[in-house]
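Heads up: the structure comes next, in structure tokens.
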Amino acid sequence: MTSETEVQVPEEQQIDTQSRRRFLQTVGGAAAAGLAIAGTIGYVATRGPGTTDKLVAGYRAGDLPDDPTSSTWLDRDPFVAAMLPQNMATPLQTEVDIAELRVRALHNGTDIAFHLQWDDDTEDAHESLGQFRDAVAVMLEVDPATTPSFTMGNTGAPVHILQWRASWQADIDEGHQGVKQLFPNAYNDVSPEMLMPKEQAIAFYPARVSNNSQSNHERTSPVEEYSAIGFGSLTSHTEQQATGSGVYRARRWQVVISWPMTAGDSTKSRVEPGETRNVAFAVWNGDSGQRGGRKQYAPWAPIEVEATE
Amino acid sequence: MAEVFNWQLQRKMQYQYDESRPQKQIAWVFDTNKCIDCQTCTIACKQTWTWGTGQEYMLWNNVETKPYGFYPMGWDVKLMELVGAGKWDNGTYNGKTVFEQADPGERVKGFLFDSEHWAHPNIGEDEPVGVAEQGTYISELPHSMWFSYLARICNHCTYPACLAACPREAIYKRPEDGIVLVDQSRCRGYQECNSACPYKKVMYNPEDRVSQKCIACYPKIEQGEQPQCVVSCIGRIRMAGFISPPDVIDPTNPIDYMVKVKKVALPLYPQSGTEPNVYYIPPKHADREYTRQMFGPGTDAAIDAYNNTKNDPTLLGLFMLFGSTEKIIRKFEVQGDIAIGYDDKGAEIVRVPVQEPSVVRDYFDQVHNAYLHNIT
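Pasting the structure below:
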């Protein structure tokens, strides 16, 4: 995650990160000067790398890059998913805030990873009163034979959803973002944990007692895995295997979501090299109050999972 | 949307789900005239339920001063902007509820406050409507210079806006007693309920990232006892019980007697359409137009009935049962000068005198050779 001091490049001057990096490599410029230069060359920059009209999870032996800014990711041409407003189940999203999601995918035979990139004028990494976070999600069919609906599956046809949230990324990067971080000057005289052992004090936190993942203070991944059988049915998986990482830079989110593609149980998707599957996406802009069903989505699109060598 | 009957509006209205009234409906009567704003109820609730981290700002029970006090800040001003003071025609509401005026694609017409709005629970406390000039003497009713106290908890509405708005169906209304709860295992902190509640009685916990609200002290209700805010009230302004369905009037049920028989207690901002189940005896000294806006077209008759209490031994006896027992009084009767409360099995749980014995002493205490300030 970037800090608030990150240099902000005006939207009209932004150029694709990859072309900026190539430009910098070409001129041999220092990274510190790079952003300023890139900002000025934005007017004359090419449109950057091409895009693909087919989403392919390329095979790559070895570890998949967890860093969203890795050239391994950015050297790949992205598939551009056109995002639609969720206007089927109330409450609706009536306007599109995020029109495009740029998607890249890789696998190494055991793990599959998605690189998701979108433009966003504001970094929204906290959840508070009337305040919402940016997020992105990948959805796959648990069993393609059941042909689940792109509307988060349906009865008898579950889907496997992996969601990354900027707030969870902040939890990972900086520790759990709670009252002390959101309201650093707030004073409270006493709380249960100050008066009694932790195992007793937990009784005053019913969401934690009931194992609501929303209230997990010991998160180890910014990505959460769910199953769903339709709107409103999102259920967190007992076994969480997904990992990921997100970076906000120059008014742009770049996020990697990865998970063991063949290790999931029967309630998760199992993706084999060489097959073509369906994948769908969703993205949220916290600054616009987007959360839950207030989101942009892209319906099923085929993804070709390259065979291993 | 389904069509349901809202007895407080005396008409059918649109709601997210079909009409499904609970077997029993928890309800309260608050006498605003007796409230002294001591906030004992607020603290009783706070110490019982909301002293965890993330709940610092939460007051499931609060007492605010009208017209310039509100928690959260401006909640009723905003609500009035949405639903207005109410268009009533002979007891029927002709305006639109928060459900009926929902924007396209929304379930409820709501509004969401940020943390600043929640940060000033005592704003406007004890502020009268104007500046009293030196020598101001108030002799008439209603008062020309006034403020009044409004104690508030979740209304455990028959048609909860919070429940209607939750896309996860994480909010439910218990069939056994009508208590409205947020399932702490299902909530994902979308704050749709916070936005939808016209009374702003669902609150977001930023530590655990879920919404939380008044639970009506359900562990006590299940034991036949009244909630903490009720039993702690030193002004004895509150009574909790169960209100009968709209087509039933049980004059031995204390809530029914006050709400349906004497019609001395009224719902707060009924024009919201949620059929709230906290019923208020309106302040008799406050500006009547403002009070009508808050409590609807029954306001004048309610205050008349309240003013006549001294001639109404049954109502007077019932008022004396307020704060007399921790148990829920399911039935009551007045026998001569004694008011008696019974539990759900018909067993007597409390009896109190309708008129408390009093002694008037002389102004001058000859034993101590002193004049007395208080002679009763």
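Chains A and B, in that order, give the protein sequences.
If you use the numbering used here, the first sequence corresponds to residues -12 to 296, in order.
If you use the numbering used here, the second sequence corresponds to residues 112 to 487, in order.
Note that CB positions come from ideal geometry on N, CA and C, so glycine has one too.
Is DSSP giving residue i helix, strand or coil here?
i: tryptophan 199/B; result: strand
i: threonine 33/A; result: Legend: pLDDT at threonine 33/A = 33, less than 50; position of this residue unreliable, no value from coordinates given.
i: leucine 42/A; result: strand
i: glycine 233/A; result: strand
i: lysine 331/B; result: helix
i: glutamate 180/A; result: helix
i: leucine 429/B; result: helix
i: alanine 250/A; result: coil
i: threonine 134/A; result: coil
i: glutamine 104/A; result: strand
i: tryptophan 257/B; result: coil
i: proline 378/B; result: strand
i: proline 309/B; result: coil
i: phenylalanine 475/B; result: strand
i: lysine 421/B; result: helix
i: alanine 69/A; result: strand
i: tyrosine 126/B; result: strand
i: valine 129/A; result: coil
i: arginine 263/B; result: strand
Does residue i get closer than 8 Å to chain A when you measure Cβ to Cβ?
i: methionine 380/B; result: Correcting the residue identity first, residue 380/B is tyrosine in this sequence and not methionine. So no, tyrosine 380/B is outside the interface.
i: glutamate 303/B; result: yes
i: threonine 208/B; result: no
i: arginine 218/B; result: yes
i: serine 532/B; result: What is shown of chain B runs 112 to 487, which leaves residue 532/B out entirely.
i: arginine 299/B; result: yes
i: leucine 223/B; result: yes
Can you name, in chain order, every residue of its own chain whose Cβ lies under 8 Å from the Cβ of residue i, other than the five neighbours on each side?
i: lysine 41/A; result: Phe66, Pro289, Glu291
i: threonine 97/A; result: Pro247, Met248, Thr249, Ala250
i: glycine 37/A; result: Asp64
i: phenylalanine 181/B; result: Glu175, Asp187, Val188, Ile234, Gly235
i: glutamate 459/B; result: Ile451, Gly452, Tyr453
Looking at the unbroken alpha helix (DSSP H) that takes in residue i, where does it start and where does it end?
i: histidine 113/A; result: First-last for histidine 113/A: undefined, no H or E at that position.
i: tryptophan 160/B; result: 151 to 160
i: alanine 272/B; result: 272 to 276
i: isoleucine 159/A; result: 153 to 161
i: tyrosine 401/B; result: 399 to 406
i: arginine 462/B; result: Not the alpha helix (DSSP H): arginine 462/B falls in the beta strand (DSSP E), residues 459 to 464.
Give me, in chain order, the residues of the same chain whose beta-carbon lies closer than 6 Å to that of residue i; leave out the 5 immediate sequence neighbours on both sides.
i: isoleucine 85/A; result: Met70, Trp105, Val270, Asn272, Gln283
i: alanine 144/A; result: Thr133, Pro135
i: threonine 109/A; result: Asp274
i: valine 313/B; result: Cys273, Cys304, Asn305, Ser322, Lys324
i: glycine 122/B; result: Before going further, note that residue 122/B is arginine rather than glycine in the sequence given. Closer than 6 Å at the Cβ level, and outside the excluded window around arginine 122/B, lie Thr203.
Could you tell me whether any non-hydrogen atom of the ligand FMN is closer than 7 Å to the CB of residue i?
i: histidine 204/A; result: Ligands displayed in this structure: none; no statement on the ligand FMN is therefore possible.
Here's the rule: buried if 16 or more other CB atoms are within 10 angstroms of the residue's CB, otherwise exposed. What is residue i?
i: asparagine 305/B; result: buried
i: glycine 352/B; result: buried
i: methionine 139/A; result: buried
i: leucine 170/B; result: buried
i: valine 266/A; result: buried
i: proline 356/B; result: exposed
i: methionine 183/A; result: exposed
i: lysine 331/B; result: buried
i: valine 471/B; result: exposed
i: alanine 413/B; result: buried
i: histidine 484/B; result: exposed
i: aspartate 473/B; result: exposed
Starting from residue i and walking both ways along the beta strand (DSSP E), at which residues does that stretch end?
i: valine 266/A; result: 263 to 271
i: tryptophan 246/A; result: 239 to 247
i: isoleucine 392/B; result: 389 to 392
i: aspartate 121/A; result: Where aspartate 121/A is concerned, there is no enclosing beta strand (DSSP E), given that its DSSP letter is neither H nor E.
i: histidine 94/A; result: 87 to 94
i: threonine 59/A; result: Segment 58 to 61 is the alpha helix (DSSP H) holding threonine 59/A; no beta strand (DSSP E) there.
i: glutamine 283/A; result: 283 to 292
Would you please verify whether the beta carbon of residue i is less than 8 Å from any beta carbon of chain B?
i: leucine 22/A; result: Note that leucine 22/A scores 34 on pLDDT, short of 50, meaning its location in the model is unreliable; the coordinates nonetheless yield the value given after this. Chain B contact via Cβ: absent.
i: tyrosine 192/A; result: yes
i: leucine 61/A; result: no
i: alanine 17/A; result: Since pLDDT at alanine 17/A reaches only 37, below the 50 mark, its modelled position is unreliable, and the value read off the structure follows with that caveat. No, because no Cβ of chain B sits closer than 8 Å to the Cβ of alanine 17/A.
i: asparagine 175/A; result: yes
Taking 7 Å as the limit between beta carbons, can you name the residues of its chain near residue i, skipping five residues before and five after?
i: glutamate 82/A; result: Pro72
i: arginine 206/A; result: Trp155, Asp158, Ile159
i: proline 489/B; result: Only positions 112 to 487 of chain B appear in the structure, and residue 489/B is not among them; the question remains open.
i: glutamine 125/B; result: Met112, Glu114, Phe210, Glu211
i: glutamine 466/B; result: Asp448
i: arginine 47/A; result: Leu93, Asn95
i: isoleucine 147/B; result: Gly346
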